[in-house]
Amino acid sequence: MSKIRRFYLNHVKRKMFNKIILLYSAVMMMLFATAAVMVYQYQVQRTIREETDANMKTAQVLSIYLNRQYENIQNTIQQIYGDATLSDDLVYFLNNPYENYLGHRLNQFAETNEQRLRSYSTLVKNYMELEPGAKRVSIYSYPRKFGMNFEREQQQLQYESGSGESWNNWLMMRRAYTWDTVSHGPNSNISTKGASTSMYSYSRELQDPWTLDRIGMLIVDFDSKQLTNWLDSRVPATHGQMLVMTSMGKVLYDSTGEYVGQIYPYRYEINSTDKWVSLDEPSKINILDTGNAGLSVVGIVSKSTIEASTGSLKTTLILVTLLFFIASFVLTATVMRRYSKKIRRIIVSMSRIGEGDLSTRIQMPGEDELKQISQRFNDMCERLEQYIDKMYTSEIKQKHAELVALQSQINPHFLYNTLESIRMKAYSEGARDVGKMVYSLSVMFKNMVKKDTVVTIKEEIEMCSIYLDLLQIRYEGRLEVETYIEPCVSGCSIIKLLIQPIVENYIVHGFRSLDDDNRVSIHAVRDGGRVIITVKDNGTGIAPERLKEIHQMLSGSSHLSSNLMEKSTPSIGLINVHDRIRMNYGEDYGIAVFSEPGEGAEIRVEIPMLKEGIL
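Taking the numbering used here, the leading residue of the sequence shown gets 60, the next gets one more, and so forth.
Below you can see the structure in the form of structure tokens.
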């Protein structure tokens, strides 16, 4: 306890600046924490909205598919009842033994002498060809207790071999459940046991259009895998859980496969108007009714799904908040330490005065209140020392043996002024070319020593133009220079000294010093969201072997890159520019080199189009 108290007295109670740091840190911590919580809440609400909207979109896609299935079935049934030939054919099939039906068909064929007679079976097969989700169509006869099962590759006739009670139970079940997860056949060998949960079916009773008697039932079995394939093709990333339910709450389709064939235990809860519905866990609900089909598509986005999407955000915000707090604390402590040293310097000087050293003076930088205190202190010491000298030590000669150490520092302004003096001297002597070269060199030096690492494209190309001006003077008209900057890209940002190394590479390795037709052009234009800077010359070009090595090096071949670096090849400047572009702008940007031996080279630089001051 005594150690804690001693620490408090020495480092908190008696340290004004430490108190300020602690108070400031507490306030900043609260501000950063509040901002982080607000950002997190905003992102959570945004994630909830995005996940819910995506889930609703998935539900709409699924509803469209189910509605189309239902409409195709209704259209097929309407075709049967709308065509007397088809309805008579179906009625005869359901009311007579199958052998009699076949004989009836042969008689019709002989009487009408038609090559293809329209029949209900042809219509059913056409329907299955148009509906990829239909796996089987079954037509059952009430009077004859048999059924015809149509599949894509075959059709099969089955007779009821069970008791009349099983037949009646089956009829009641199919009438009660228009939609079901399995096709409950009337035969004893077709039951719900072992039925695939990947199937769901639709049933519709058939009537004699003349007597309106119920004579049979149509059942269409659908493959629920087609629902999954449909969603995968329309909505590649399914958000949340998707259910297809009947009006009785039975689940025909479940994207997770958990509740298929069961009565959904939360069928009443999903109609709640609360923001969060309590299911297995709190969830967001989207419900869509599928037209007149009597089905509902339910989309469920659970809270755990949303939390999983925002888990990394929470960690990131905590780390960023801590980073900001540490940076703020370090910055504050650094500033406070600076002022604390000033206060400490005043206290030490006052202690020396108390010990009798009246020659003590406080050298305080800045123009703040501490500077004024130091000046007043120095004035007081000066007057006190004069008074003591006058009254008590007037006979003692004061020693003046101060050694002032002057340190000279090379200032860039000194070099600028020197170059300007040389330029003026050259002009006065008539050497105007020398003066112009000195001026260009001075401008280049001023720009190079600037601390800015990002300049505008216009400034970068102007630097290259100044460099080329020097070379034009040096080579006395043997170099022709052309520059063009599209107005919309002149103010865009670029990393400093990206273009000049490319130009220098041409001067050092491609310039033909004995010829008078050397040309180099620099063009900067816009290409969508990119800036294309092209440096083209008519120099000696690059040998095919060397060009191949450069291309491999630009594409990231580290082994070849190290070999070329060891050889100090002329491609090092290009690789340096390429690497700087990719490090600052990303892997999608860089340079491309095109050349033919003896026909010059073209260097193409691609960077993003950014506003001035943004990198």
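Glycine included, every Cβ here is placed at the ideal spot set by N, Cα and C.
Go ahead and label residue i buried or exposed: buried means 16 or more other beta carbons lie within 10 angstroms of its beta carbon, across all protein chains shown.
| i | result |
| --- | --- |
| ARG397 | exposed |
| VAL652 | buried |
| ASN597 | buried |
| SER363 | exposed |
| ILE278 | buried |
| GLY600 | buried |
| ARG234 | exposed |
| ILE553 | buried |
| GLY659 | buried |
| VAL664 | buried |
| THR181 | exposed |
| LYS309 | buried |
| TYR218 | exposed |
| ASN351 | exposed |
| ALA602 | exposed |
| MET612 | buried |
| GLY649 | buried |
| PHE168 | exposed |
| GLN128 | buried |
Just reading off the beta strand (DSSP E) that residue i is part of, what are its end residues?
| i | result |
| --- | --- |
| GLN215 | 214–218 |
| GLU414 | Per DSSP, GLU414 belongs to no beta strand (DSSP E) and is neither H nor E. |
| ARG195 | 193–200 |
| GLY206 | 205–209 |
| VAL540 | 538–544 |
| ILE553 | 552–554 |
Check whether the Cβ of residue i sits closer than 6 Å to any heavy atom of the ligand PLP, and report yes or no.
| i | result |
| --- | --- |
| TYR101 | As for the ligand PLP, it is missing from this structure, which has no ligand bound. |
Which one or two residues does DSSP pair with residue i in a beta bridge?
| i | result |
| --- | --- |
| VAL360 | LYS343 |
| GLN300 | ILE359 |
| ASN597 | Partner(s): none; ASN597 has no beta bridge. |
| GLU264 | MET276 |
| ASP239 | SER260 |
| VAL394 | DSSP output for VAL394 lists no bridge partner at all. |
| ARG639 | Note: ARG639 sits in no beta bridge, so no partner. |
| GLY55 | Coverage of the chain is limited to positions 60 through 674, which leaves residue 55 absent and any answer about it impossible. |
| VAL590 | ARG585, ILE666 |
| SER337 | PRO341 |
| VAL513 | ILE554 |
Taking only three categories from DSSP, how would you classify residue i?
| i | result |
| --- | --- |
| GLY370 | helix |
| ALA386 | helix |
| ASP282 | strand |
| SER580 | strand |
| GLU158 | helix |
| PRO656 | coil |
| LYS309 | strand |
| ILE634 | helix |
| THR315 | coil |
| ILE421 | coil |
| GLY320 | coil |
| VAL150 | helix |
| ASP575 | coil |
| LEU354 | strand |
| VAL86 | helix |
| GLN294 | Reading the sequence as shown, one finds Val at residue 294 and not Gln. Residue state, collapsed to three classes: coil. |
| ASP348 | strand |
| LEU623 | The pLDDT assigned to LEU623 is 46, lower than 50, so where the model puts this residue is not dependable; a value taken from the coordinates is nonetheless given after this. Helix. |
| TYR327 | coil |
| THR287 | helix |
| TRP269 | coil |
| ASP438 | helix |
| THR332 | coil |
| ASP112 | helix |
| SER433 | helix |
At which residues does the alpha helix (DSSP H) containing residue i begin and terminate?
| i | result |
| --- | --- |
| GLU519 | 516–534 |
| ILE561 | 559–568 |
| PRO603 | 603–613 |
| MET668 | MET668 -> no alpha helix (DSSP H), and no H or E assigned at all. |
| TYR179 | 179–189 |
If we define contact as Cβ-Cβ less than 7 Å, is residue i a contact residue for chain C?
| i | result |
| --- | --- |
| VAL103 | Of the protein chains in the structure, only one exists, and it is not chain C. |
**Request:** Count the CB pairs spanning the stretch 268–282 and the stretch 320–328 that are closer than 8 Å, and state whether there are at least three.
**Result:** When Cβ pairs closer than 8 Å are counted between the two stretches, the stretch 268–282 is seen not to touch the stretch 320–328, the count staying below three.
**Request:** Please determine if the stretch 296–313 and the stretch 352–367 are in contact, where contact requires at least 3 C-beta pairs separated by less than 8 Å.
**Result:** Enough Cβ pairs lie closer than 8 Å, so yes.
**Asked** Quick check: the stretch 572–590 against the stretch 545–558, are there 3 or more CB pairs under 8 Å?
**Response** Three or more beta-carbon pairs separated by less than 8 Å link the stretch 572–590 to the stretch 545–558, which places the two stretches in contact.
**the stretch 367–376 touching the stretch 100–107, judged by at least three CB pairs closer than 8 Å** = The stretch 367–376 is in contact with the stretch 100–107.
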